[in-house]
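Residue numbers for the sequence shown follow the numbering used here, so the first one is 1358 and each next one is one higher. Even for Gly, the Cβ is constructed at its ideal location relative to N, Cα and C.
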Amino acid sequence: MSSNRPMATVIGMGRAGSNFLYYQLRKHPKVSVPALTEVSFYSRFFSRGFDWYKKQFKGDTSQVGIDVSANYYLQDNFVHRVNSFDPNTKIILGVRKPSNWILSYFQQMRTFDFSVNNMEKFITEFEWDDREKVRHINMSDNYLPNQIELYKKEFKGRLLVYDFAYLHNHSVELLQQIEHFLEIPSFFNEANYEDIKVNASGRKNNRFLLNIISNDRFRLFVNDFLPQSFIDKLRTWYVRSGSPKKSVKVEHDPLHKELADKLLASQDEYYQEMFKEKGVLIY
């Protein structure tokens, strides 16, 4: 199987800028993105088939189709599935300091899932439901290094890994490096860049609305029956209305932070070593 256009996939990590990349990259004239972020074909909707997936990317087939689905980072059979569809797909991964990432992820999940309340269990018995089965992941068991090394091996020559801190401090430069990686014309610059925080800590959230828009049936209805232009306008309104005007420092429970620092200490060291010289790495 193969795609009818060049493909790229932003596979996570969640809370490491994937929504930001979707919001920005969709503006590029040589990029086609699905109507919704987290189309999740390789995880939650694989049974819909490759033809359904191809239809998610509208426009000229010379455009790069970019699938932004951060949950692929959690999907154990993602590598096999994406290589089966198109072994030339380029992979983009944002990485955040593991102890900070798990705190942010825990905080986000709690905004719409009341069952998320035990930090240690969240780290050591993380539950990922891909609609096929509930998968249990021990995030403290060297999960990040194992994933990175797997991706470096399986996606050799087509993997870009960026540091979330680099995105935070050098957003335009990151977008420009992604353009170069995808081999598309330069578009982003300081003049046309929209400096906006997408899905960031401190944004205004409505628990009821979040539950609706994260529901699979609702998402598929919107995706399959509403015009993409309408969805784009709705998304732009949603992002701009909920975006904090400035960075908001989130205060985490000190005990949660202590636990995350302890259980993920070796992975924090791996992260620091990986990005000690550059904020964007291509393997």
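Sorted by chain position, which residues of the same chain lie with C-beta nearer than 7 Å to residue i's C-beta, five sequence neighbours on each side aside?
{"i": "E1536", "result": "S1543, F1544, F1545"}
{"i": "R1492", "result": "D1433, W1485"}
{"i": "S1397", "result": "S1426, N1428"}
{"i": "P1455", "result": "L1501, L1621, Q1624, D1625, Y1628"}
{"i": "E1506", "result": "none"}
{"i": "Q1420", "result": "R1362, K1387, V1388, S1389"}
{"i": "L1539", "result": "A1365, V1421, K1447"}
{"i": "E1477", "result": "L1616"}
{"i": "R1453", "result": "M1370, R1372, A1373, F1521"}
Using the beta-carbon count (16 or more within 10 Å), is residue i buried or exposed?
{"i": "H1437", "result": "exposed"}
{"i": "K1633", "result": "exposed"}
{"i": "W1594", "result": "exposed"}
{"i": "E1395", "result": "buried"}
{"i": "A1365", "result": "buried"}
{"i": "R1383", "result": "buried"}
{"i": "G1406", "result": "exposed"}
{"i": "S1623", "result": "exposed"}
{"i": "A1548", "result": "exposed"}
{"i": "S1404", "result": "exposed"}
{"i": "D1573", "result": "exposed"}
{"i": "K1554", "result": "buried"}
{"i": "F1512", "result": "buried"}
{"i": "D1610", "result": "exposed"}
{"i": "D1520", "result": "buried"}
{"i": "S1441", "result": "exposed"}
{"i": "F1587", "result": "exposed"}
{"i": "D1443", "result": "buried"}
{"i": "S1528", "result": "buried"}
{"i": "L1531", "result": "buried"}
{"i": "G1369", "result": "buried"}
Quick check on residue i: does DSSP put it in helix, strand or coil?
{"i": "D1589", "result": "helix"}
{"i": "L1583", "result": "coil"}
{"i": "S1389", "result": "strand"}
{"i": "M1364", "result": "strand"}
{"i": "I1535", "result": "helix"}
{"i": "H1493", "result": "strand"}
{"i": "K1380", "result": "Checking the sequence shown, residue 1380 turns out to be Tyr, not Lys. Three-state DSSP puts Y1380 in a helix."}
{"i": "E1484", "result": "strand"}
{"i": "Y1640", "result": "coil"}
{"i": "Y1523", "result": "helix"}
Between which residues of its own chain and residue i is the CB-CB distance below 8 Å, once the five residues before and five after are set aside?
{"i": "N1361", "result": "K1411, T1418"}
{"i": "V1385", "result": "The sequence as given places His at residue 1385; Val does not occur at that position. Within the same chain, H1385 has close Cβ partners E1536, I1541, F1544, F1545."}
{"i": "V1473", "result": "F1463, M1466, R1467, F1479"}
{"i": "D1552", "result": "S1528"}
Here's a check: name, in chain order, each residue in its chain whose Cβ is nearer than 6 Å to the Cβ of residue i, leaving out the five neighbours to either side.
{"i": "T1481", "result": "N1495, S1497"}
{"i": "G1422", "result": "R1362, M1364, S1389, F1414"}
{"i": "N1580", "result": "A1392, L1393"}
{"i": "R1401", "result": "D1487, R1488"}
{"i": "A1617", "result": "S1456, I1459, L1460"}
{"i": "V1367", "result": "S1375, L1378, V1425, I1449"}
{"i": "G1636", "result": "D1520, Y1523"}
Only counting runs of 3 or more residues, tell me where the beta strand (DSSP E) segments fall wholly within the stretch 1396 to 1479, in order along the chain.
Runs of the beta strand (DSSP E) inside the stretch 1396 to 1479: 1421 to 1425, 1447 to 1452.
Do the stretch 1409 to 1421 and the stretch 1388 to 1400 touch if we need at least three Cβ pairs shorter than 8 Å?
Under the 8 Å Cβ criterion, the stretch 1409 to 1421 counts as touching the stretch 1388 to 1400, having at least three qualifying pairs.
Can we say the stretch 1374 to 1384 touches the stretch 1459 to 1472, given the rule of at least three CB pairs closer than 8 Å?
Cβ pair count under 8 Å is below three, so no.
Could you pull out every unbroken alpha helix (DSSP H) segment of at least 4 residues lying fully inside the stretch 1606 to 1631, listed in chain order?
Runs found: 1611 to 1620, 1622 to 1631.
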